[in-house]
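Here's the structure we're looking at; comments come further down.
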Amino acid sequence: MAKADQRFGQRDGSDQNFDYMFKLLIIGNSSVGKTSFLFRYADDSFSNSFVSTVGIDFKVKTVYRNEKRIKLQIWDTAGQERYRTITTAYYRGAMGFILMYDITNEESFNAVQDCRCSSTGRTGECGELGLQPLLLHRQDWATQIKTYSWDNAQVILVGNKCDVDEERVVPLEKGKHLADQLGFEYYEASAKENINVRQVFERLVDIICVKMSERVDVEAPVAAATKTTRLTDKPAQLPQKCC
Numbered sequence: 409m410a411k412a413d414q415r416f417g418q419r420d421g422s423d424q425n426f427d428y429m430f431k432l433l434i435i436g437n438s439s440v441g442k443t444s445f446l447f448r449y450a451d452d453s454f455s456n457s458f459v460s461t462v463g464i465d466f467k468v469k470t471v472y473r474n475e476k477r478i479k480l481q482i483w484d485t486a487g488q489e490r491y492r493t494i495t496t497a498y499y500r501g502a503m504g505f506i507l508m509y510d511i512t513n514e515e516s517f518n519a520v521q522d523c524r525c526s527s528t529g530r531t532g533e534c535g536e537l538g539l540q541p542l543l544l545h546r547q548d549w550a551t552q553i554k555t556y557s558w559d560n561a562q563v564i565l566v567g568n569k570c571d572v573d574e575e576r577v578v579p580l581e582k583g584k585h586l587a588d589q590l591g592f593e594y595y596e597a598s599a600k601e602n603i604n605v606r607q608v609f610e611r612l613v614d615i616i617c618v619k620m621s622e623r624v625d626v627e628a629p630v631a632a633a634t635k636t637t638r639l640t641d642k643p644a645q646l647p648q649k650c651c
């Protein structure tokens, strides 16, 4: 394997010989491109004919990270409200989230964090009027992550479909600002044109590994990784650091 590929080399997803398993979720409104994003990363394929995901599905991809084999179990979730009870059940145990919106759809962006003015009920007016914002809908995506996942789950905010910039309604700066407010890293990407897809997943794995290095020993048994050990748990006294 070439030196450039050592950190994130690919392996057959069915390979059971791995050091760690990371459960990742892609969440966001329906039709923002979650399934296309997953297929582009896992299979390097793209189709314009994808239909909305019903419930939840997943793909597996095995990568290398600093000489460690990491199996990524990547869950593609339905964005429709009627499936929220099903999808939020999968949040627990997830070590990372890709929270996605469509840069050509302002509603999908507002759903990331649904802050509405307590006086007017409209999104974004509080700052202009000098009023305090109020979370009127507790089921926005950022709140769901805080409510149903572990405290140490890592999140990257992704503005998808940057290939159709002429249809953009959410400015790049607005996405960056929201990510800063939420404490998330931020990318704009395109599943269709394969822009920043691999980079988003690699960065998410990087962040998870850094957090593991800080809080737990890396030579924990594979069984502990498959149980997705809480990063806040007291680490066992083992010899090496994380991947």
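Using the numbering used here, the first residue of the sequence shown is number 409, and each one after it goes up by one. Here a beta-carbon is modelled for each residue, glycine too, at the ideal position from N, C-alpha and C. Predicted model only: the values in this text are computed from it and were never measured.
Rank the options by C-alpha distance to the C-alpha of residue i and give the top, closest one.
i           : options               : result
residue 617 : 473, 567 and 435      : 473
residue 429 : 480, 438, 448 and 466 : 480
residue 470 : 576, 450 and 456      : 450
residue 619 : 448, 503, 438 and 582 : 503
residue 594 : 511, 574, 552 and 622 : 511
residue 602 : 621, 516, 571 and 555 : 571
residue 554 : 604, 496 and 584      : 496
residue 500 : 466, 588, 558 and 583 : 558
residue 431 : 439, 621, 498 and 443 : 498
residue 608 : 482, 560, 621 and 517 : 482
residue 621 : 467, 547 and 560      : 560
residue 466 : 441, 478 and 433      : 433
residue 551 : 440, 518 and 464      : 518
residue 574 : 556, 513, 589 and 613 : 513
residue 613 : 478, 443, 439 and 452 : 478
Determine the burial state of residue i: buried for a count of at least 16 other Cβ atoms within 10 Å of its Cβ, exposed for fewer.
i           : result
residue 598 : buried
residue 540 : Reliability of the predicted coordinates at residue 540 is poor, the pLDDT of 42 falling under 50, and no value is obtained from them.
residue 437 : buried
residue 456 : exposed
residue 425 : exposed
residue 562 : buried
residue 515 : exposed
residue 484 : buried
residue 596 : buried
Give the range of the alpha helix (DSSP H) segment to which residue i is assigned.
i           : result
residue 622 : 605 to 623
residue 443 : 442 to 451
residue 575 : Residue 575 -> no alpha helix (DSSP H), and no H or E assigned at all.
residue 454 : Looking at the DSSP string, residue 454 is not in any alpha helix (DSSP H), and its letter there is neither H nor E.
residue 498 : Run containing residue 498: none; DSSP gives neither H nor E here.
residue 553 : 549 to 556
residue 402 : Residue 402 lies beyond the range of the chain shown here (409 to 651); nothing can be said about it.
residue 587 : 580 to 590
Considering only the beta carbon of each residue, do residue i and residue j sit closer than 8 Å?
i           : j           : result
residue 565 : residue 586 : yes
residue 509 : residue 567 : yes
residue 549 : residue 520 : yes
residue 447 : residue 600 : no
residue 427 : residue 476 : yes
residue 605 : residue 445 : yes
residue 507 : residue 435 : yes
residue 441 : residue 584 : no
For residue i, which residues does DSSP report across the bridge?
i           : result
residue 505 : 433 and 563
residue 481 : 431 and 468
residue 675 : Because the chain spans 409 through 651 in this model, residue 675 falls outside it and cannot be assessed.
residue 425 : Its beta-bridge partners do not exist; DSSP assigns none.
residue 602 : None, per the DSSP bridge assignment.
residue 568 : 510
Check for me: the beta strand (DSSP E) holding residue i runs from which residue to which?
i           : result
residue 594 : 593 to 596
Is residue i a contact residue of the ligand SAH, with contact defined as CB to any heavy atom under 7 Å?
i           : result
residue 614 : The ligand SAH is not part of the structure shown, which contains no ligands of any sort.
Does the beta carbon of residue i sit closer than 8 Å to a beta carbon anywhere in chain C?
i           : result
residue 437 : In the structure shown, chain C cannot be found, because there is only a single protein chain.
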